[in-house]
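Participant: To get my numbering, take the position in the sequence shown, counting from 1, and add 14.
Each residue gets a CB set at the ideal place from its N, CA and C atoms; glycine is no exception.
These figures come from a predicted structure and were not determined experimentally.
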Amino acid sequence: MLVIVAPGQGAQTPGFLSPWLELDGVADRLRGWSEVAGLDLVRAGTEADAEEIKDTAVAQPLLVAAGLVTARALFPDEDAARALVGAVAGHSVGEITAAAGAGVLSASDALTFVRERSLAMAEAAAATETGMLALLGGDAEAVATKLAEHGLTAANNNGGGQIVAAGTLAQLDALREDPPAGSRLVSLKVAGAFHTSHMAPGVERLSKLAPTLPVADPKVAYVSNRDGQVVASGAEVLSRLVSQVSNPVRWDLCMETLRELGATAVIELAPAGTLTGLVKRNLKGVATLALKTPADLDKARELVAEHGGQQQERQV
15 MLVIVAPGQG
25 AQTPGFLSPW
35 LELDGVADRL
45 RGWSEVAGLD
55 LVRAGTEADA
65 EEIKDTAVAQ
75 PLLVAAGLVT
85 ARALFPDEDA
95 ARALVGAVAG
105 HSVGEITAAA
115 GAGVLSASDA
125 LTFVRERSLA
135 MAEAAAATET
145 GMLALLGGDA
155 EAVATKLAEH
165 GLTAANNNGG
175 GQIVAAGTLA
185 QLDALREDPP
195 AGSRLVSLKV
205 AGAFHTSHMA
215 PGVERLSKLA
225 PTLPVADPKV
235 AYVSNRDGQV
245 VASGAEVLSR
255 LVSQVSNPVR
265 WDLCMETLRE
275 LGATAVIELA
285 PAGTLTGLVK
295 RNLKGVATLA
305 LKTPADLDKA
315 RELVAEHGGQ
325 QQERQV
């Protein structure tokens, strides 16, 4: 069974969209979406420096647009794609990309939603100096205890012993001085304590937008960050996208569900690499491909030909 996944904030790097602009129609599509996103997506993905694309209000629309444009390059026919793909999932903001891929939101509405999300989260992040820090390895209980001691939230559980802590910069500095035994700490390229109570104002703002967006039920299995469950209702997907802003991302549970569904191959949309790395470590035997540039499209098509269209007999 073929699975398509979309990465979250922090995956972006300067100029990562440049090679995709060489494909026919990509620049025009991005320019059209730029009007909806309120952001020059072409410039952001090709010329903006690392500091500019770290800005939440830039990063999030850029990531969703990148995922959608690379998905379109791999699957020019959306209806045919949904007959080949068994499941979709996204990490944090990547869930919006996944929702559009599953047919819950149109591309335009996905960009409308992510624009409001990015502005709301940037505004919430500006209210208090906050951030996120990955902890790699160490005993799970010891990590949880240490985070609680410093008042931090486990905002992401990415599986394989990778936990992302979120909170104020002062709390994160205290954790650096007093880390859990056996854990390696890595700073993340994000501008706030996402998926924590610090983002509550963003939930309120998105709750006002959500009723204005038309939704459809997913046309493929949509695996949710909240609990790793497959969500069959478009209205429920949208509701979860709203509340997700201040709730932890359980990517570990998403991967468990992909295992149960019978995933045999995972393709990650651009800017790819993060999620395929996690899948390799946690889902042994599952083929992976990080769709980083158009040069990866032929290999991706080979995986689609080999693993696509098997969801009906495998899905649970």
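Roughly how many whole angstroms lie between the Cα atoms of T288 and P21?
Facilitator: The residue you call residue 288 lines up with position 274 of the sequence shown. The residue you call residue 21 lines up with position 7 of the sequence shown. Approximately 7 Å, taken between the alpha carbons.
Participant: What's the gap between the Cα of G323 and the Cα of E250?
Facilitator: Start at 1 with the first residue of the sequence shown, and residue 323 comes out as number 309. Start at 1 with the first residue of the sequence shown, and residue 250 comes out as number 236. Between G323 and E250, the C-alpha separation is close to 26 Å.
Participant: Which term fits V200, buried or exposed, when burial requires 16 or more other beta carbons within 10 angstroms of its beta carbon?
Facilitator: Counted from its first residue, the sequence shown places residue 200 at position 186. With fewer than 16 other Cβ atoms within 10 Å, it is exposed.
Participant: Pull the bridge partners of T182 from the DSSP assignment, please.
Facilitator: Sequence index remark: in the sequence shown, residue 182 carries index 168 (1-based). Paired residue(s): T144.
Participant: Look up R264 in the DSSP assignment and say whether it is helix, strand or coil.
Facilitator: Mapped onto the sequence shown, residue 264 falls at position 250. Looking at R264 - three-state DSSP - the assignment turns out to be strand.
Participant: Rounded to the nearest angstrom, what separates Q329 and I281 at their Cα positions?
Facilitator: Position 315 of the sequence shown, counting from 1, holds the residue named residue 329. Position 267 of the sequence shown, counting from 1, holds the residue named residue 281. With a pLDDT of only 40 at Q329, under 50, the local geometry of the prediction cannot be trusted, and the value read off the model is given with reservation. So the two alpha carbons sit approximately 18 Å from each other.
Participant: Quick one: what's got a C-beta closer than 7 Å to V300's C-beta in the same chain, skipping five residues either side?
Facilitator: Here residue 300 refers to the residue found at position 286 of the sequence shown. Cβ neighbours of V300 beyond the five flanking positions: A277, T278, A279, V280 and V293.
Participant: Just tell me which of L166, N170 and A148 has its CA closest to the CA of A188.
Facilitator: Stepping through the sequence shown from its first residue, residue 188 is reached at position 174. Of the candidates L166, N170 and A148, the one whose C-alpha sits nearest the C-alpha of A188 is L166.
Participant: By Cβ distance, which residues of its chain are closer than 6 Å to S48, with the 5 residues on each side in sequence left out?
Facilitator: Your numbering for residue 48 matches position 34 in the sequence shown. Correct list, in chain order: D54 and L55.
Participant: Pop quiz: A136 and A71 are said to be a contact at Cβ under 8 Å. What is the actual Cβ separation, rounded to whole angstroms?
Facilitator: Position 122 of the sequence shown holds residue 136. Position 57 of the sequence shown holds residue 71. At roughly 5 Å, the Cβ-Cβ gap stays under 8 Å, so A136 and A71 are in contact.
Participant: How should A64 be labelled, buried or exposed, when 16 other C-beta atoms within 10 angstroms of its C-beta is the threshold for buried?
Facilitator: Against the sequence shown, residue 64 aligns to sequence position 50. Exposed.
Participant: Mark D310 as exposed unless 16 or more other C-beta atoms lie within 10 angstroms of its C-beta, in which case mark it buried.
Facilitator: Stepping through the sequence shown from its first residue, residue 310 is reached at position 296. Result: buried.
Participant: Sorted by chain position, which residues of the same chain lie with C-beta nearer than 6 Å to G216's C-beta, five sequence neighbours on each side aside?
Facilitator: Position 202 of the sequence shown, counted from the start, is the residue given in the question as residue 216. Closer than 6 Å at the Cβ level, and outside the excluded window around G216, lie A134, M135, A138 and V259.
Participant: Of all the alpha helix (DSSP H) runs that stay within the bounds of the stretch 147 to 225, which reach a length of 4 or more residues?
Facilitator: 154 to 163, 183 to 191 and 214 to 223
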